Structure formats: C-alpha cells, structure tokens
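Undergrad: Order-wise, the sequence lines are chains W and F. Taking my numbering, the leading residue of the first sequence gets 1052, the next gets one more, and so forth. Taking my numbering, the leading residue of the second sequence gets 14, the next gets one more, and so forth. Every residue gets a Cβ at the ideal spot worked out from N, C-alpha and C, and that includes glycine. All figures in this text were calculated on a predicted structure; none of them were measured in a lab.
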Amino acid sequence: MKKAIKLNELDNVASLFDTAEKGEQVNVLDTKGKSSILTVLDDIPYGHKIALRDLQVGEQVTKYGYEIGVVSKPIKCGEHVHIHNIESVRGRGDWDAKKQAEVLKDMKH
Amino acid sequence: MGYVRKDGKVGVRNYVAVLPSVVCVSEVVEAIVSRTINTQGILHHQGCCQTPPDLVRTTDCLIKIGENPNVGAILIVSLGCEGVDTDRLEKTLRETGKPVERINVQELGGTSRAIQEGIDKAQKLEMMISGMQRTEVDASNLLVGIKCGASDTTSGIASNPVIGYVADKIVDLGGTVVFGETTEFIGAEQVLKHRAKNAQVAADIDRIVQRMENRAKAVGVDMREGQPTPGNIKGGLSTIEEKSLGAIVKSGTRTIQGVIEYTETPKGKGLWIKDSPGREIELLSGMAVAGADIIMFSTGRGAPQGFPVVPVMKICGNPITYQKMIHDMDVNAGLITLGEKSVEEIGEQTLEMLLRVASGETTKGESIKYCKSMDFYMLGPVI
Chain W
1052 MKKAIKLNEL DNVASLFDTA EKGEQVNVLD TKGKSSILTV LDDIPYGHKI
1102 ALRDLQVGEQ VTKYGYEIGV VSKPIKCGEH VHIHNIESVR GRGDWDAKKQ
1152 AEVLKDMKH
Chain F
14 MGYVRKDGKV GVRNYVAVLP SVVCVSEVVE AIVSRTINTQ GILHHQGCCQ
64 TPPDLVRTTD CLIKIGENPN VGAILIVSLG CEGVDTDRLE KTLRETGKPV
114 ERINVQELGG TSRAIQEGID KAQKLEMMIS GMQRTEVDAS NLLVGIKCGA
164 SDTTSGIASN PVIGYVADKI VDLGGTVVFG ETTEFIGAEQ VLKHRAKNAQ
214 VAADIDRIVQ RMENRAKAVG VDMREGQPTP GNIKGGLSTI EEKSLGAIVK
264 SGTRTIQGVI EYTETPKGKG LWIKDSPGRE IELLSGMAVA GADIIMFSTG
314 RGAPQGFPVV PVMKICGNPI TYQKMIHDMD VNAGLITLGE KSVEEIGEQT
364 LEMLLRVASG ETTKGESIKY CKSMDFYMLG PVI
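1) Just checking, does the stretch 110-123 of chain F make contact with the stretch 144-157 of chain F on the three C-beta pairs under 8 Å criterion?
2) Around the Cβ of F/Q318, are there at least 16 other Cβ atoms within 10 angstroms (buried) or fewer (exposed)?
3) Does F/C161 pass the burial test, meaning 16 or more other C-beta atoms within 10 Å, or should it be called exposed?
4) Can you look up W/M1158 in the DSSP assignment and give me helix, strand or coil?
5) F/V41 by DSSP, collapsed to three states: which one?
6) In three-state terms, what does DSSP make of F/S355?
7) In angstroms with no decimal places, state the Cα-to-Cα distance between F/E277 and F/A303.
8) Residues bridged to F/S311 by DSSP?
9) Between the stretch 156-170 of chain F and chain W, which residues of the former have a C-beta closer than 7 Å to a C-beta of the latter?
10) Would DSSP call W/Q1111 helix, strand or coil?
11) Under a Cβ-count criterion, where at least 16 other Cβ atoms within 10 Å of its own Cβ denotes burial, should F/V232 be classed as buried or exposed?
12) Along the beta strand (DSSP E) that carries F/P33, what are the first and last residues, could you check?
13) CA-CA distance, W/V1106 and F/S355?
14) Taking the continuous alpha helix (DSSP H) assigned at F/Q223, which residues delimit it?
15) What is the rounded straight-line gap between the Cα of F/L297 and the Cα of F/F310?
16) Would you say the beta carbon of F/L68 comes nearer than 6 Å to a heavy atom of the ligand HEM?
17) Within its chain, find whatever has a CB closer than 7 Å to the CB of F/I132; leave out the 5 residues flanking it on each side and keep chain order.
18) Alpha helix (DSSP H) containing F/A316: first to last residue?
19) Measuring CB to CB, does W/N1059 end up less than 7 Å from W/Y1115?
20) Could you tell me which residues DSSP puts in a beta bridge with F/K111?
21) Do you know offhand how far F/D388's Cα is from W/E1130's?
22) Any Cβ of chain W within less than 7 Å of the Cβ of F/T72?
23) Where do the ends of the alpha helix (DSSP H) carrying F/E238 lie?
24) Hey, F/E197 and F/S257 are a contact pair by Cβ (cut 8 Å); roughly how many whole angstroms apart?
25) Interface residues of chain W around F/G248 at Cβ under 7 Å?
26) With H, G and I counted as helix, E and B as strand and the rest as coil, what does DSSP make of F/V150?
27) Distance check for F/I261 and F/K206, CA to CA, integer angstroms please.
28) Since F/V90 and F/V29 should fall inside the 8 Å C-beta cutoff, what is the C-beta to C-beta distance between them, to a whole number of angstroms?
29) Looking at F/V17 and F/A371, is the spacing between their C-beta atoms short of 7 Å?
30) Counting only C-beta atoms, is W/M1158 closer than 7 Å to chain F at any point?
31) On the criterion of 16 or more Cβ atoms from any shown chain inside 10 Å, does W/M1158 qualify as buried, or is it exposed?
32) If F/C37 and F/C61 are in contact, beta carbons under 8 Å, what's the gap, nearest whole angstrom?
33) May I ask you to list the residues that DSSP assigns as paired with W/H1131?
34) Chain W beta carbons: is any one of them nearer than 7 Å to that of F/S251?
35) Terminal residues of the continuous alpha helix (DSSP H) containing F/Y6?
36) Looking only at DSSP bridge pairs, what is F/Q63 linked to?
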C-alpha cells in the first residue's frame, strides 16, 4: 500500500512517500510506526500533502505540530493540500512582488 | 568512552591540530599533515587583509578549534607578518594545558624549512598524546552539532525528524546540542521563539534573523522573496513556513537555552542556537568552534562533506541516495520513506551509532578521509 507520514499528533496533513492515484488507499504512519488507512481523492505526487480530515476555509493547516498556512478553499479528507488551497501567512515564492508585500505588510516576526 | 581533557571537557578523538595563523601558510600545514599521523590541518582562508573585527574573529575561531575537546595538542604555523594575533592564539592555547608548539615560516627561512621543522614538531606532539587512553564517561558530556545539506523532499519528512529525535534524547541525557543555519529560520521564527527559555532568548532569535536578512538586503536581496522556490513547490513544499519548519524539526522539541554568536561556545547544557549561515564550510567550522564532539548531518541528495577534527555522521533520508552513495552515508533514514522503519526506530539506531562513534568507531567519511570541509564565517569586506 502507498505510504504517508504524519509527523506530529496535532497535524491535519500527512506527507506522501509515494505517488498516489485517486481512489487508492494510503497507509498513514506516525513517527512511532502506528498506522491508519485513508482513501485518496486526488492524484497526489511524491512528497506532497494529503488532508487527514475535512478542513474549512480559514482553518490552520498544521504540520510538525505548527501552522504552515491557512486553508483558502474547502478541503475534504483525502484531498491534495498544496498552493491551490492553502495560503501562507508569511510569504510565498510563486507570488508576485505586489502580493508578497500585501501579505507581509502586517506580518509580525 | 572519551578523552577527558584538563578543563573537564571530553573529546571523542585525540588529534594534533595544525593551525595556520593565516591562509598564506596553509600549504606548509598540508605538507606537515601529509607526513604525520593523527594530525589534522585547519585549512581556512583568512588571517590577513581583513578588517580588524574579522582578524579578531579569525583569531577567536582558531583559539576555539584548539580548545575543542577532540584536539589533544596544537601546532601553530605562523608566517610572521599575519594580521591574526598569533601571540594571543598561542598564549590562550597554552592556558588549556594542552601541549602547544609554534613555528614561524619567515624566521625559519621559508616554506621547505618550515615544513621540515613542522614535521619534527608535529611528531613530538603526536607522540606526547598518542598514549592517552579513553575513559568511561557519561553521555551528558556530549556536545553534538547539527546540519542539513543537499536537502530534497525526504529531508523535512524523514532525516530531519530523525535528527530531531536524537537531539531530544541527547538533551534529556544531560548533553548539549547546537544548531544553526539562521537563514533557514526565516518563516518559522515564531516557532523557535515559542520554544525559547525566556523573552531575552526569543528577542535574540529575532535579532539574528533580522541581522541575516539585513545583510542580504544590503546587497539588494530579499530572502523572503522566491521562497519556497519553484523546485521546492514541485517537491511538495507549499509555504515558507512549511519549508523552514522542515529544517527546524532537526533541532527537536526541547527548550532553547540561548543564542550564541559564531565565535562562541554554549554557556551551559541543553539546546542552543548558533548564529551561522547555511553553507557547509562555515557551518561545520562554527560547530567545531562551539566545541562539538560530533556533528549529525542530514542529507537527501548526498552531501559528502566532513570536517578535520570532528566526525560527521551522515543521516540520509533518500533510500536511493543511500544505496548509491553507500560509502559516504552512515544511516539509512530512507527506510522511513519505504515504510520499513519508523522515525523512532531509525532515531534509536542513530543514537546508538552516535554513542559508538563517540567511543571510537569511525564514520564512513572519516575512514576515507573526506574531512577537509572548513572555513570561518567572516563579515567582510576583504581589503
């Protein structure tokens, strides 16, 4: 079975150790090796993230136990989580300078 | 089992460090090292035509390398007209109680004569310390440095979590862990500050990140722009905070006791941050300056670097890289990505190996002598 890793018990995403196709099952392992099974709803490339539960717009995306961004479009459990549905609160490489400045304007270190 | 030094610190190796006071004599150092055993040349590129702060910095770094617990004796090779304060270097190293010798190339009559004299002196030092025995000591004597380099998708999700696991264990055993690469904190400073011992430490973290960013801005570079890179995004990183957290996870979860400057050593046990850039030569040197016995180095694409007086353990998160570069990689954290082992299992394996390396077992890099990657981090300019 395809595998993914959930790096912290607080996380709502896991990172894939395989390329997974829509409809496949993924074995989500934690750092102790405990597993749980999830069905993949999108094609997800190696190293990309899968949602571990439904996520609402504005909700924090948690990885390593900390915020890695905020949900920008509703996400279902098993969907691909990436730049199309999460926003950084601290800046992002594919934004242009104007957008970058907008987001970073109010950023506190 | 380690070498207990006069200042109470414990080393895991027992080298004669051959220190050029200035880059101009590094070839003399190389020649001395090539003709003697258990010597390591500290082949930096500094020592002259630099600003006074950088000359002081170079002197301080050389002193700290001599004071590193893996060093049993020191041979100083001076040119004669260097900018480094070689008298202060010699005086401070003599205060450690370690045997120290010094030669001056210009006084001796040139490079070939200095090489001959240097070999004789290195031989004397090596024979003085070669009989020193290891003593059984507690793991709390360990000071471990951390690095990640040649990262790929596996780094943030396999090899760095392994190193973080080991870092936590070392701190819990009463030891010391130092991490750096300030550049990689950008986007995740708030996480580090959350783990800071107190408000002062949190403020220091902010200060060193801003300082690093300002240096880049001074040459017209915005370090937050373009992060994550297109390659990162393709590999799965969605935001700068995710990228930085993937780097920071190698520092584990324990409280950050404080922030130290590049030329400093930690002021106590536990987990410390050293302000340092991400490039290997300066980072590894900074860890040695901090007094590291061992450095754990996470890699995905296969970074080969080692360091002269400090063993560097390679923890490789990519199973394909591990097999391809099996003569350079120590731990196969790639097994995590294959689902064959958990982070915890590889973490325990890495800790056990670290303790064996501390007691004398060599790393892959040490055994094939791939250990010259060093230079001191300077503020510039060169003048």
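TA: According to the data block:
1) no
2) Position 305 of the second sequence, counted from the first residue, corresponds to residue 318 of chain F. That one is buried.
3) Along the second sequence, read from residue 1 onward, the residue named residue 161 of chain F stands at position 148. Burial call: buried.
4) The sequence position of residue 1158 of chain W within the first sequence is 107, counting from 1. With a pLDDT of 48 at W/M1158, under the threshold of 50, the modelled position of that residue is not reliable, and the figure given next carries that caveat. If DSSP states are grouped into helix, strand and coil, W/M1158 belongs with coil.
5) For the purposes of this step, residue 41 of chain F is taken as residue 28 along the second sequence, with counting starting at 1. Correct three-state label for F/V41: helix.
6) Within the second sequence, the letter at position 342 stands for residue 355 of chain F. It is coil, neither helix nor strand.
7) Position 264 of the second sequence holds residue 277 of chain F. Position 290 of the second sequence holds residue 303 of chain F. Looking at the two C-alpha atoms, the distance is approximately 6 Å.
8) Mapped onto the second sequence, residue 311 of chain F falls at position 298. DSSP, once it has assigned bridges, lists F/C161, F/I328 as partnering F/S311.
9) T166, I170
10) In the first sequence, residue 1111 of chain W corresponds to position 60, counting from 1. Of the three classes helix, strand and coil, the one that applies to W/Q1111 here is strand, per DSSP.
11) Position 219 of the second sequence holds residue 232 of chain F. Classification for F/V232: exposed.
12) Counted from its first residue, the second sequence places residue 33 of chain F at position 20. Its beta strand (DSSP E) spans residues 28-33.
13) Looking up residue 1106 of chain W in the first sequence gives position 55. Looking up residue 355 of chain F in the second sequence gives position 342. The residue asked about is misnamed: residue 1106 of chain W is Leu in this sequence, not Val. The alpha-carbon atoms of W/L1106 and F/S355 are separated by roughly 27 Å.
14) As a working mapping, residue 223 of chain F is identified with position 210 in the second sequence. Segment 212-231, the alpha helix (DSSP H) holding F/Q223.
15) Locating residue 297 of chain F in the second sequence gives position 284, where the first residue counts as 1. Locating residue 310 of chain F in the second sequence gives position 297, where the first residue counts as 1. Those two C-alpha atoms are separated by around 9 Å.
16) Here there are no bound small molecules, and the ligand HEM is not part of this structure.
17) By one-based count along the second sequence, residue 132 of chain F stands at place 119. Around F/I132: I45, R48, T49.
18) As a working mapping, residue 316 of chain F is identified with position 303 in the second sequence. Premise fails: F/A316 is in no alpha helix (DSSP H) and is neither H nor E.
19) Counting from 1 along the first sequence, the entry for residue 1059 of chain W is found at position 8. Counting from 1 along the first sequence, the entry for residue 1115 of chain W is found at position 64. Result yes, Cβ atoms of W/N1059 and W/Y1115 sit closer than 7 Å.
20) Position 98 of the second sequence, counted from the start, is the residue given in the question as residue 111 of chain F. Answer by DSSP bridge pairing: none, since F/K111 is not bridged.
21) Mapped onto the second sequence, residue 388 of chain F falls at position 375. Mapped onto the first sequence, residue 1130 of chain W falls at position 79. Rounded to the nearest angstrom, the two C-alpha atoms are 46 Å apart.
22) Translated into the one-based positions of the second sequence, residue 72 of chain F becomes position 59. No, no contact with chain W.
23) As a position in the second sequence, residue 238 of chain F is number 225, starting the count at 1. Premise fails: F/E238 is in no alpha helix (DSSP H) and is neither H nor E.
24) By 1-based counting over the second sequence, the position of residue 197 of chain F is 184. By 1-based counting over the second sequence, the position of residue 257 of chain F is 244. The Cβ separation is near 6 Å, so the contact holds.
25) On the second sequence, position 235 is the one that residue 248 of chain F refers to. The contacting residues are G1098.
26) Counting from 1 along the second sequence, the entry for residue 150 of chain F is found at position 137. In the structure shown, F/V150 sits in coil (DSSP, three-state: anything other than H, G, I, E or B).
27) Position 193 of the second sequence, counting from 1, holds the residue named residue 206 of chain F. Position 248 of the second sequence, counting from 1, holds the residue named residue 261 of chain F. Those two C-alpha atoms are separated by around 12 Å.
28) Walking along the second sequence from the start, residue 90 of chain F turns up at place 77. Walking along the second sequence from the start, residue 29 of chain F turns up at place 16. Actually they do not touch by this definition, with Cβ atoms about 12 Å apart.
29) Counting from one through the second sequence, the residue named residue 371 of chain F turns up at place 358. Counting from one through the second sequence, the residue named residue 17 of chain F turns up at place 4. Against a cut-off of 7 Å, the Cβ pair of F/V17 and F/A371 comes out as no contact.
30) Translated into positions along the first sequence, residue 1158 of chain W becomes position 107. With a pLDDT of only 48 at W/M1158, under the threshold of 50, the placement of this residue in the model should not be trusted; the figure read from the coordinates follows. Chain F contact via Cβ: absent.
31) As a working mapping, residue 1158 of chain W is identified with position 107 in the first sequence. Low confidence applies here, because W/M1158 scores a pLDDT of 48, under 50, leaving its location unreliable; read the following figure in that light. Its Cβ having fewer than 16 others within 10 Å, W/M1158 is exposed.
32) Stepping through the second sequence from its first residue, residue 37 of chain F is reached at position 24. Stepping through the second sequence from its first residue, residue 61 of chain F is reached at position 48. Confirmed, Cβ separation roughly 7 Å.
33) Against the first sequence, residue 1131 of chain W aligns to sequence position 80. DSSP, once it has assigned bridges, lists W/I1101 as partnering W/H1131.
34) Numbered from its first residue, the second sequence carries residue 251 of chain F at position 238. Chain W, which has a Cβ nearer than 7 Å to the Cβ of F/S251, makes this yes.
35) Because chain F spans 14 through 396 in this model, residue 6 of chain F falls outside it and cannot be assessed.
36) For the purposes of this step, residue 63 of chain F is identified with residue 50 of the second sequence, where counting begins at 1. F/V395.
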